[in-house]
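Engineer: First to last, the protein sequences are chains A and B.
1 is the number of the first residue of the first sequence in our numbering; add one for each residue after it.
307 is the number of the first residue of the second sequence in our numbering; add one for each residue after it.
We treat Cβ as the ideally placed atom computed from N, Cα and C, and that holds for glycine.
Only a predicted model underlies this, so the values are computations on that prediction, with no experimental measurement involved.
Provided herewith is a single structure, encoded as structure tokens, for subsequent inquiry.
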Amino acid sequence: MGAVTPAKPRFTPNRRTTLVQLGFVLPAFVYVMLFFGYPLINNLNMGFRDYTTRSFFTGEAPWVGLDNYQAVIGFQYFERIVFNTLWFTALSIVGQFTLGLLIALYFRRQFPGSQSLRGVLLISWLIPLIASTAVWRWMLDKDNGVINQILESVTPLSSGPSWLSSTSLALVACVLVNIWIGIPFNAALLYAGLQDIPKEVYEASTVDGASSLQTFTKITWPLLRPTVTVVLVLGVVYTVKVLDIILGLTGGGPAYASQTLATQAYQFSFEQFEFGQGAATGNLLMLVTLFFAVVYLRLNRRSVDE
Amino acid sequence: MKVQSARKSVAIVLALPLVLAACGGTDDTGSTGQDEASSDSSGEQAGEEGSEALTLNVMDYYTAEPDNTFYQELLDECGASVGVSISREAVPGDQIVQRALQQASAGTLPDLLMLDNPNLMEIAATGALTPLSEFGISADGFLPGVVDASTYEGELYGLQPITNSIALFYNEDVLAEEGVEVPQTWDELRSAAEELTDGDRYGIAFSAKADFEGTWQFLPFMWSNGGNEDNINTPEVAEALQLWADLVASGAASESVVTWGQADVNEQFMAGQAAMMINGPWQFPVLAEDPSLNYEVVPIPTPNTGTSVVSPLGGETWTVPDTGDEARMAAAAEILKCMNEDEVQLDLATKRQTVPTKLSVLDEFVELNPNMEGFTEVVQTARARTGLLGTEWPAAGARIYEALGQSLAGGVDPAEALAQAQGS
């Protein structure tokens, strides 16, 4: 009771509000610092140290400054790895988003079986990645893969392309599989975004005699913008760090043709036990993600300002 | 109302540290580390009385059957003879080194740790393993490759009861049909592979994958020609890579070799898509699933007649991590001795279709397992991957598979691909 009726309020209402606000933020802050901040800072720190297998036992990892970064950037395939990462991300996003949007638009119209078909669409997202990549590896096999068998029977080609073992196609194959995996995510979010657009707006446009193209460019697209931004930002962040799909399909090969920053970081850390260089590569990957995040957040803010 | 809810939130916030502290408290008291520590001490006490309550923690990567059962049984039997019980954990093969490193930093290493033999030096270099000489264990009478693989800076850190390597498998029916002799030299291998290529069937399959599996398969060709991993920019290594490049360029081997692991290679062979393959004895049980398949195993062809093949030494070595608990370490060493008794080696090698590592039991082993004659011959000259470079091996091994990919998929001239890889 005494607490409810304090004789002398120690906090002014304003300060009290601030405290309450901070109180709401605190749990989230603690969570983020514990599960994201700590590993992040540890990884940044590791990138500046000569962290080897010995460090795990002795706890000693001498500070080496920028040596790890020099080794990573000086690696002769570094340029190719960066371009692979950018191409992989850009092509995957364009493919996933375009196909996802088309599918979302298609399913907006109700037709018999549309609901169950929408469920089926999610399957590629539900299968464990390592399982679907294993199946894709079979299907893309040069000699016995079903894809080349179809190609050989419907085209005049005598033998299909070596999807996974040619330096020019390996990255393309990884992109194709990643698009297939990413479509449901894009379609589901965009479909939800489409559902949020009020029906009245479309009814009004029909009354005004707008063509379907005009309806899309003047109504659907502008009203879908916030969803699009979220889908793209998340898409880039998910794609740039893809590891399992590439490891399962090509292992980053042949000859670094499909190696990305993520698979290179894995190779440094867990195949060559150069944990410092692996951490440095991971940090560079975070820089790339950060760059994209900032770009999209700016775009987002501008669209809100408009 | 507003004030009240604000008050409530303040109370919650103020209580939070308490809640967190409480969580931390339960964590501390409930942690497995404490549990282990307490059971450790009780184990020690019992150890002084007669070491009957001692339970040794063992970690290996035999997750698949039938190996899982073989090792569980073996460890239980050895445990019984030493007078300890065994708590065994099998983790996936690609995770065991990471797990061991985690455990090393947390101070929770198992009492007996299995490692793939090329990883031993990496772990021994951290100081996490105990030299076996402390327990009076030596590797006298073991295959030289095994001794090399388990020795770091002059100290023996592991013992390997069984070993394996790779050799040339060929489909007897196909070779007989085509009237092709079993190749013994590189030239014979080239022409045999070309002659055996027909329609959907390639002459030979091997793994040139962009990981250590590809490197492992290339080593017998590189080593038998006098090449070494410390410098791959040499004519000897280039000639070996040229052989592989020729096989792919002539169509006698699929371009897909750069993506195939050894299990894929075996599938190609079983499906009749390859008349010959490079592979190891761990495929025998898989191959036995098709009784109509008639195959034979011979050593990998050498550059010329008269040279002998130098194959890489496979198999896993067992180590005693430095846990600081003398009684447990001594018991683990006893288990290690038991696993390397003549009879145990013979039995395990027969069950797993691998080769014992003690020279004295090899003759008896071949008598019992005539199908293992080829591999038994091969492992006697087998070379440890870490024998020359020690902890520098992973980097060197990566350079080799990098050059394989550049040359076989990237179309780069073998000598140039090797020079590039060595330069990186």
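Go ahead and pull the three-state DSSP assignment for B/S345.
Structural biologist: For the purposes of this step, residue 345 of chain B is identified with residue 39 of the second sequence, where counting begins at 1. With a pLDDT of 40 at B/S345, under the threshold of 50, the modelled position of this residue cannot be trusted, and the question is left open.
Engineer: With a 10 Å radius around its C-beta and 16 neighbouring C-beta atoms as the bar for buried, classify B/N610 as buried or exposed.
Structural biologist: The sequence position of residue 610 of chain B within the second sequence is 304, counting from 1. Under this definition B/N610 is an exposed residue.
Engineer: In whole angstroms, what is the alpha-carbon distance linking A/S168 and A/P161?
Structural biologist: Here residue 168 of chain A corresponds to residue number 168 of the first sequence, with the count starting at 1. Here residue 161 of chain A corresponds to residue number 161 of the first sequence, with the count starting at 1. If I take the Cα positions, the gap works out to 10 Å.
Engineer: On the DSSP letters alone, give me the boundaries of the alpha helix (DSSP H) that B/N374 sits inside.
Structural biologist: In the second sequence, residue 374 of chain B corresponds to position 68, counting from 1. Element bounds for B/N374: D373 to V388.
Engineer: With a cut-off of 8 Å on the beta carbons, I'd call B/Y508 and B/S556 a contact; round off their distance for me.
Structural biologist: Position 202 of the second sequence, counted from the start, is the residue given in the question as residue 508 of chain B. Position 250 of the second sequence, counted from the start, is the residue given in the question as residue 556 of chain B. No, B/Y508 and B/S556 are not in contact; Cβ-Cβ is about 10 Å, not under 8 Å.
Engineer: Any residues in the segment 162-179 of chain A with a beta carbon nearer than 7 Å to a beta carbon of chain B? Which ones, in chain order?
Structural biologist: From the segment 162-179 of chain A, only S162, L164, S165, S166 and T167 have a Cβ closer than 7 Å to chain B.
Engineer: Taking B/Q409 as the reference, give the member of B/R691, B/L435, B/Q490 and B/V390 with the closest Cα.
Structural biologist: By one-based count along the second sequence, residue 409 of chain B stands at place 103. Ranking the options by Cα distance to B/Q409, first place goes to B/L435.
Engineer: Quick one: what does DSSP say B/A359 is sitting in, helix, strand or coil?
Structural biologist: In the second sequence, residue 359 of chain B corresponds to position 53, counting from 1. Residue state, collapsed to three classes: coil.
Engineer: With a CB to CB cut of under 6 Å and the five nearest residues on each side skipped, what residues in its chain are close to B/Q659?
Structural biologist: Here residue 659 of chain B refers to the residue found at position 353 when the second sequence is read from its first residue. Taken in chain order, the residues that qualify are P587 and F590.
Engineer: Would you list the residues sitting across from B/K664 in a DSSP beta bridge?
Structural biologist: Against the second sequence, residue 664 of chain B aligns to sequence position 358. In DSSP, B/K664 forms a bridge with B/F448.
Engineer: List the residues of chain E whose Cβ lies closer than 7 Å to the Cβ of B/S513, in chain order.
Structural biologist: Of the protein chains in the structure, A and B, none is chain E.
Engineer: Assess contact between the segment 455-465 of chain B and the segment 425-434 of chain B, defined as three or more Cβ pairs (one per stretch) separated by less than 8 Å. Is contact present?
Structural biologist: They touch, by the three-pair rule.
Engineer: Is there a Cβ from chain A that is less than 9 Å from the Cβ of B/T432?
Structural biologist: Within the second sequence, residue 432 of chain B is the residue found at index 126, counting from 1. Yes, contact with chain A.
Engineer: Indicate whether at least one CB of chain B lies closer than 9 Å to the CB of A/G119.
Structural biologist: By one-based count along the first sequence, residue 119 of chain A stands at place 119. Answer no: the Cβ-Cβ gap between A/G119 and chain B never drops below 9 Å.
Engineer: What does the alpha-carbon distance come out to for the pair B/I510 and B/L438?
Structural biologist: Within the second sequence, residue 510 of chain B is the residue found at index 204, counting from 1. Within the second sequence, residue 438 of chain B is the residue found at index 132, counting from 1. So the two alpha carbons sit approximately 43 Å from each other.
Engineer: B/N477 and B/L652: beta carbons closer than 9 Å?
Structural biologist: Here the question's residue 477 of chain B lines up with position 171 in the second sequence. Here the question's residue 652 of chain B lines up with position 346 in the second sequence. No, the pair does not count as a contact, with Cβ atoms beyond the cut-off.
Engineer: In this structure, how does DSSP classify B/N531 when only helix, strand and coil are distinguished?
Structural biologist: On the second sequence, position 225 is the one that residue 531 of chain B refers to. DSSP places B/N531 in coil when its eight states are reduced to three.
Engineer: At the 9 Å Cβ level, is B/D400 part of the contact set with chain A, yes or no?
Structural biologist: Taking the second sequence and counting its residues from 1, one reaches residue 400 of chain B at position 94. Output row for B/D400: interface = yes.
Engineer: Roughly how many whole angstroms lie between the Cα atoms of A/W125 and A/L99?
Structural biologist: For the purposes of this step, residue 125 of chain A is taken as residue 125 along the first sequence, with counting starting at 1. For the purposes of this step, residue 99 of chain A is taken as residue 99 along the first sequence, with counting starting at 1. Answer to the nearest angstrom: the Cα atoms are 15 Å apart.
Engineer: I'd like to check one pair, B/T521 with B/G693: are the Cβ atoms closer than 9 Å?
Structural biologist: Residue 693 of chain B sits at position 387 when you count from the first residue of the second sequence. Residue 521 of chain B sits at position 215 when you count from the first residue of the second sequence. No.
Engineer: Output the distance between the C-alpha atoms of A/L194 and A/A90, rounded to the nearest integer angstrom.
Structural biologist: Here residue 194 of chain A refers to the residue found at position 194 of the first sequence. Here residue 90 of chain A refers to the residue found at position 90 of the first sequence. If you take the alpha carbons of A/L194 and A/A90, they lie about 24 Å apart.
Engineer: Identify each residue in the segment 260-277 of chain A for which the Cβ-Cβ distance to at least one residue of chain B is less than 7 Å, and report them in chain order.
Structural biologist: Per Cβ criterion, the list reads F270, E271, Q272 and F273.
Engineer: Does the pairing of the segment 719-729 of chain B with the segment 536-554 of chain B give three or more beta-carbon distances under 8 Å?
Structural biologist: Verdict: yes, contact present.
Engineer: For A/L176 and A/I183, what's the separation of their Cα atoms in angstroms?
Structural biologist: Position 176 of the first sequence, counted from the first residue, corresponds to residue 176 of chain A. Position 183 of the first sequence, counted from the first residue, corresponds to residue 183 of chain A. If I take the Cα positions, the gap works out to 11 Å.
Engineer: For B/T625, count the other beta carbons within 10 Å of its own beta carbon; 16 or more makes it buried, fewer makes it exposed. Which is it?
Structural biologist: Taking the second sequence and counting its residues from 1, one reaches residue 625 of chain B at position 319. Under this definition B/T625 is a buried residue.
Engineer: Please list the partners that B/I429 has in chain A, where partner means a Cβ-to-Cβ separation under 9 Å.
Structural biologist: On the second sequence, position 123 is the one that residue 429 of chain B refers to. The contacting residues are T53 and F57.
Engineer: Mind checking if A/T250 is an interface residue toward chain B, Cβ cutoff 9 Å exclusive?
Structural biologist: Along the first sequence, one-based indexing puts residue 250 of chain A at 250. Judged by the 9 Å Cβ criterion, A/T250 is in contact with chain B.
Engineer: According to DSSP, which residues form a beta bridge with B/N537?
Structural biologist: Mapped onto the second sequence, residue 537 of chain B falls at position 231. Answer by DSSP bridge pairing, in chain order: B/N534.
Engineer: If B/G620 and B/N374 are in contact, beta carbons under 8 Å, what's the gap, nearest whole angstrom?
Structural biologist: Sequence index remark: in the second sequence, residue 620 of chain B carries index 314 (1-based). Sequence index remark: in the second sequence, residue 374 of chain B carries index 68 (1-based). Contact flag wrong, Cβ pair sits at about 19 Å.
Engineer: Is it buried or exposed for A/K142, if we count other Cβ within 10 angstroms and need 16 for buried?
Structural biologist: Sequence index remark: in the first sequence, residue 142 of chain A carries index 142 (1-based). Buried.
Engineer: Would a check of beta-carbon distances place B/T332 closer than 9 Å to chain A?
Structural biologist: For this step, residue 332 of chain B is matched to residue 26 along the second sequence. Confidence at B/T332 is low in this model, with a pLDDT of 37, below 50, so its placement is unreliable and the value that follows should be read with caution. No - not a single Cβ of chain A is within 9 Å of the one on B/T332.
Engineer: Have a look at A/L189 and A/S165 and give me their C-alpha separation to the nearest angstrom.
Structural biologist: Residue 189 of chain A sits at position 189 when you count from the first residue of the first sequence. Residue 165 of chain A sits at position 165 when you count from the first residue of the first sequence. So the two alpha carbons sit approximately 35 Å from each other.
Engineer: Select from B/Q401, B/E483 and B/G442 the residue whose C-alpha is nearest the C-alpha of B/D422.
Structural biologist: Here residue 422 of chain B corresponds to residue number 116 of the second sequence, with the count starting at 1. For B/D422, the nearest C-alpha among the options comes from B/Q401.
Engineer: According to a CB-to-CB cut-off of less than 8 Å, which residues of the segment 144-156 of chain A neighbour chain B?
Structural biologist: Correct list: N144.
Engineer: Could you tell me the alpha carbon to alpha carbon distance between A/L261 and A/F48, rounded to whole angstroms?
Structural biologist: As a first step, residue 261 of chain A must be located in the first sequence, where it is residue number 261. As a first step, residue 48 of chain A must be located in the first sequence, where it is residue number 48. For A/L261 and A/F48, the distance between alpha carbons rounds to 18 Å.
Engineer: Could I get the ranges of all uninterrupted alpha helix (DSSP H) runs contained in the segment 112-191 of chain A, with 4 residues as the minimum, in chain order?
Structural biologist: Correct list: 114-121, 123-126, 129-139 and 146-154.
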